[in-house]
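For reference, the structure is listed below as structure tokens.
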Amino acid sequence: MSATFYLAQRPGQYCAVEEVAKKRGLPRSFLVKVLRHLARRGITRVQRGPGGGHILARHPNEISLAEIIEAVELPLAGARSCLLELHGCGISPCAIHEDVCVAERHVWKALRAVTLGSYAAGASGSGIGS
Numbered sequence: 008m009s010a011t012f013y014l015a016q017r018p019g020q021y022c023a024v025e026e027v028a029k030k031r032g033l034p035r036s037f038l039v040k041v042l043r044h045l046a047r048r049g050i051t052r053v054q055r056g057p058g059g060g061h062i063l064a065r066h067p068n069e070i071s072l073a074e075i076i077e078a079v080e081l082p083l084a085g086a087r088s089c090l091l092e093l094h095g096c097g098i099s100p101c102a103i104h105e106d107v108c109v110a111e112r113h114v115w116k117a118l119r120a121v122t123l124g125s126y127a128a129g130a131s132g133s134g135i136g137s
């Protein structure tokens, strides 16, 4: 999320991986993977060569937080496991399975409603829970 905020605050400006990694305190190797996932999903674009780097592919107000998380967090995290660490949860849902699913749907709905632009611009009162 941090890298996309950084790019959103620099509209029309290509940013090198090294620059973003240094400014955000992120390991370069990790950031390369993140940016690759974002580019595959059409959230960022990359331009190689001098003056190149990464840039948002769309206006920050057109990119939801859910879209960023879906592009980056889920592929890097892998499959989700049972919160109670029960081995049969995938076959026969555990006691809290349905409650967790309902809560998760609410979280994703909220994340889809909030854009990168609302946070990157530092707009107060425009985020989740406002």
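Per my numbering, numbering through the sequence shown is continuous, rising by one, with the last residue being 137. Beta carbons are placed, not taken as given, at the ideal position from N, Cα and C, and that holds for glycine. Every value quoted in this text rests on a predicted model; they were computed, and no experiment measured them.
Residues that DSSP places opposite residue i in a beta bridge
i	result
Gly60	Gln54
Cys22	His61
Ser9	Per DSSP, none; premise fails for Ser9.
Cβ distance (whole Å) where residue i is taken to contact residue j below 8 Å
i	j	result
Tyr21	Gly58	6 Å
Leu63	Leu14	5 Å
Arg35	Ser9	Their Cβ separation, rounded to whole angstroms, is 14 Å, which puts Arg35 and Ser9 out of contact at 8 Å.
Arg52	Ala46	7 Å
Endpoints, alpha helix (DSSP H) assigned at residue i
i	result
Cys108	His104 to Ala120
His44	Arg35 to Arg47
Gly124	Leu123 to Ala127
Buried or exposed by the 16-neighbour rule on C-beta atoms within 10 Å, applied to residue i
i	result
Thr11	buried
Ala78	buried
Gly85	Any reading at Gly85 needs caution, since the residue's pLDDT is 47, under 50, leaving its predicted position unreliable; the model's value is listed next. So Gly85 counts as exposed.
Gly60	buried
- Evaluate contact between the stretch 61–81 and the stretch 118–125, counting only Cβ atoms and requiring at least three cross-stretch pairs below 8 Å. The stretch 61–81, when compared against the stretch 118–125, does touch it at the 8 Å Cβ threshold.
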